[in-house]
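Comments concern the structure below.
In this note's numbering, the protein residues as written are 23 to 1197.
In structure tokens form, the structure reads like this:
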């Protein structure tokens, strides 16, 4: 008997079960394993021994807890559990009909599923009927208590398994029947005293079968015959062995029957004569050739007749008792002996009436001729022949398996035929039905698996009608879809005219077979449409001359409403059997499930598109991964952009990132992996991610698991955003407050430390810039006693010496000791014990715990050591005050940018310094460096400003009086010289040039003084209430002559209303002179200059517009800067006119600006506040 291990193997694969839309790959493979076991030919006992392991495999397919197989008992009243598997199976030993689902399924004959609560626990199960020879004989049930929901797909697979299992049981029964027939044949052979039969392979002559008469005829036990491959050959007389080998090889190679006479040796050593017939046995392709031998003893010949006469009564008794037809004919084909079974087959004649007659007297001539030809072949070849003979018995066609052998006399001559006929009609019919069911189930299985692929519904409909046509040989097939108006649309079909598929079917639906099928919801079978009374026959069926028909409903599981009708039609009268109706129903169920799947996929696709639309509009990256495979399911465009992918390029799942400390992220550390494996919800985890272009960005990532209805993690959603900009913006703040943040986390007094830093900042920057030393004194006072017991701040002078700026001690009694230590041992920075170390490294000296040995090491002499011990220093920090930039080297010492250092010490029983204290002190020193640098910069700036002002004052004072004398003398000479020619005219001309040069120098000196005043913010104006109109008129009149001489027109447009304002007449005149002078200078002839005066709300606005070349756009922002001149200008001016003009306007509380386009002239505007009217 075959063992479960041999068939199933040792691979205990665990199936992932069936999901909502079909079995997973593991489930499909397990299903194929089960079907292959069911298809293996084996007996009933062998199949039942494998049943427990088979049910275990079925349980794995559905990921269920239990599977039960029930068979009807002999009384037909109860279902007996043939085999069970899984938890709770011991409670289902025997179930009476009417109990639970398997009984309901057995009674209705169709698969059913229930998903509900049983007692205190959820219990979902389904069952399918089991049929053998198309008869209900049991049920198979699958159960779950873990919330599993069974749907149409699972029912289809379960029904497939039930049908295949029924075929396996049916095949096993047939296998047992065949064994019984063979056993009966062997029993019959055993009744023939002088004949024994054997079978062996042609190569080795190893016996696979030998009848028991061999033991009686030759005296050797059957075990002896089988123990050695040469035993049969050794029994042949050596004189005949070569002839036997030749006949054996000829039969094996040519597959032609061979006959010879030879002598065989008995156990007593006697030689007995036998006539031996050799023939080949039909075997599977590729299998070794099998030889069958029939040995008939012919020694002596008289014994045969004697034995025949003695056993005549025994043969008659035997023939009358068997259920098969047995007969003996003579050489002419006339019956010599027959039993009642054969008489009944040949028309009910009595046995004695048959004797002396042939088959031509009872059967049609064609049938009798075929039977006679087989008998002649037997007598000619002297070998047995098997034939299948078809005979009509009682009006029914029956099939018989006839075995005919030669009947020999005492001389070995063939005197007749011995025959045995077994009725195999039922077996043949059942084999046909079984093959048809196997074909149908194979088609259903293939179609079911095909429906689980991505094939569209239209293509699936076409494949369905094609399978129905090829399997059931139908003439017309239709798939009708029910429309909202209750009409029917022919979606697919076979046998219809061109153009009819895709159109409406004529007739009223409620009166048609399709309408009746939809209303009844049960399969409708019509044997003869001409006699049908339940509904009307619609015109299309009449047009196609349909005689027989069957139809089933195609359901729409998503809405519990019918989708339509699947129909199969035949033009000839045909009685559709249960298998054909079940096959049509199975195809319908698969289509129903596929429609459900299509509806679900369409809905899922709609939801997916809506989700994708939402995701594409989200400003953050979103990725969804399948669990547990990690396969990418969904991503939006922002996800790819954030990770540096190009448009349309998937972001993938092989991300690379680093922790804040630089460690790379391991796979199990990623938030999505933790969510997928541990179900963890991760929020706002910042990761330094390496993008596709190898750039690095900081993303803030959150991940959460998505669970299915059973609580299992089905997917993981990841949401992330690029926060690199935020990080960069806060990096400077983090740098400034990093030590404070670290201190707050590690020390409970974090608030006090922050407060101390704020106080340090206030102490340093709350004091005016010019008081640099006082800032450092304030710093020392702030640090004692908050951070130290003793604080000393030393500044490095340019000469290389140290200057103690601040010295504080919490104990006034020890303040003197500290001063003595500073004055004696801290003056020369380059010779001290600490100075060179800080100068060379630029790093702080940190000694959290100072021992006496440390004091001895740093002391310079015994007095130094005494002072250190007296101060009782046990923890020390010396923090350099460093400026930014590179250091310099002076006097052979690398300064490293050190401006000085802060010495902090704790004495007595105070706490030791920690790294957090060092960070805090370093921050204080950094602030001190900023304060010291700002003081030094302020002082240097003040010195430079002071030097410049002194220079301007000296120049203006020393040059103004001589210039005044030159101007007065020149003007006097011009007045005294009369107009003349010759030498006097030359003198007059040179004097005039001297006066003009002095005037320009005087103007330049005044501009320099105005520049210094404007930069110092001390531009002096003498304000008085004046009418701006008059001042403007005077300024325009003074320069109008110069403009006309150059060929320019000066136009003055003023509002006649009085414009009173607080003005300095001379400064406004200077302002107008600068602006009008520029306009005259840069406007080519012929040109126009327009001066406008307007009142605007609370201001007076004056504009000077020219028609000159304009000002380049790049120069506009710099026009009012000091010393600025337009690059293309050929003027040799100082570049101070507009800067001074701006100072004059701002001194009056107004503002000035310019509007210009290159090539379109320029407009200078300034506004001044007007005086409020008196109430």
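No residue lacks a Cβ here, since even glycine has one placed at the ideal position from N, Cα and C.
*Compare the beta carbon distance of residue 170 and residue 732 with 9 Å and say whether it is the shorter of the two.*
Less than 9 Å separates the beta-carbon of residue 170 from that of residue 732.
*Excluding the five sequence neighbours on either side, which residues of its own chain have a C-beta within less than 6 Å of the C-beta of residue 1125, listed in chain order?*
So the qualifying residues of the chain are 1114, 1185, 1187.
*Return helix, strand or coil for residue 247, following the three-state DSSP convention.*
helix
*How close, in whole Å, do the beta carbons of residue 891 and residue 873 come, if the pair is a contact with beta carbons under 8 Å?*
Rounded, the Cβ-Cβ distance is 12 Å, inconsistent with contact.
*Alpha carbon to alpha carbon, how far is residue 550 from residue 218? Give it in angstroms, no decimals.*
Cα-Cα distance, rounded: 57 Å.
_N- and C-terminal bounds of the alpha helix (DSSP H) containing residue 1092_ = 1087–1104
*Please check the pair residue 287 and residue 259, which I expect to be a contact at CB under 8 Å, by giving their CB distance rounded to whole angstroms.*
6 Å
_Opening and closing residue of the beta strand (DSSP E) in which residue 1174 lies_ = 1173–1178
*Identify the continuous beta strand (DSSP E) that holds residue 314 and give its terminal residues.*
312–319
*residue 92 and residue 173 closer than 9 Å at C-beta*: Contact: no.
*Which two residues bound the contiguous beta strand (DSSP E) that contains residue 742?*
Note, residue 742: beta strand (DSSP E), 735–744.
*Between 467, 559, 1043, 226, which lies nearest to residue 184 when the distance is taken from Cα to Cα?*
467
*Start-to-end residues for the beta strand (DSSP E) that takes in residue 831*: 824–831
*Ignore the nearest five residues each way along the sequence and tell me which others in residue 488's own chain have a CB closer than 8 Å to its CB.*
If we look at residue 488 and ignore the five residues flanking it on each side, its Cβ neighbours are 516.
*Alpha carbon to alpha carbon, how far is residue 677 from residue 519?*
60 Å
_Once the 5 residues before and after residue 1190 are set aside, which same chain residues still bring their CB inside 6 Å of it?_
1083, 1122, 1170, 1172
*At what residues does the alpha helix (DSSP H) containing residue 605 begin and finish?*
Unbroken alpha helix (DSSP H) run through residue 605: 600–639.
*Could you spell out the range, first to last residue, of the beta strand (DSSP E) harbouring residue 460?*
That residue, residue 460, is in no beta strand (DSSP E); its alpha helix (DSSP H) goes 447–473.
_What does the alpha-carbon distance come out to for the pair residue 587 and residue 649?_
40 Å
*Of the listed residues 1130, 948, 357, 928, nearest to residue 782 (C-alpha basis)*: If you compare the alpha carbons of 1130, 948, 357, 928 with that of residue 782, the shortest gap goes to 948.
_Going by C-alpha to C-alpha distance, which of 365, 102, 356 sits closest to residue 437?_
356
*Which stretch, first to last residue, makes up the alpha helix (DSSP H) that contains residue 845?*
834–847
*Keeping to the same chain, check which residues put their C-beta closer than 6 Å to that of residue 224; ignore five residues upstream and five downstream.*
274, 311, 313
*If we call anything under 9 Å between Cβ atoms a contact, is residue 896 one with residue 879?*
no
*First and last residue of the uninterrupted beta strand (DSSP E) at residue 382*: Looking at the DSSP string, residue 382 is not in any beta strand (DSSP E), and its letter there is neither H nor E.
*Would you list the residues sitting across from residue 359 in a DSSP beta bridge?*
350
_residue 151: CB within 8 Å of a non-hydrogen atom of the ligand FMN_ = The ligand FMN is absent from the structure shown, which contains no ligands of any kind.
*Reference residue 1137; option with closest CA among 1177, 994, 103, 1098*: Among 1177, 994, 103, 1098, the Cα nearest to that of residue 1137 is on 1177.
*Below 8 Å, can you find three or more Cβ-Cβ pairs linking the stretch 268–283 to the stretch 375–386?*
no
*Would you mind working out which of 461, 991, 1192, 459 sits nearest residue 1120, comparing C-alpha positions?*
1192
*residue 129: buried (16+ other C-beta within 10 angstroms of its C-beta) or exposed?*
exposed
_Out of 428, 583, 728, 545, which one is the CA nearest neighbour of residue 601?_
545
_Contact between the stretch 1052–1059 and the stretch 1094–1110 is defined here as three or more beta-carbon pairs at a separation below 8 Å; is this criterion met?_
yes
_residue 698 - DSSP class collapsed to helix/strand/coil_ = helix
_Short of 7 Å in beta carbon distance, which residues of its chain neighbour residue 1107, apart from the five on each side in sequence? Order them along the chain._
1068, 1069, 1070
_Three-state secondary structure assigned by DSSP to residue 281_ = strand
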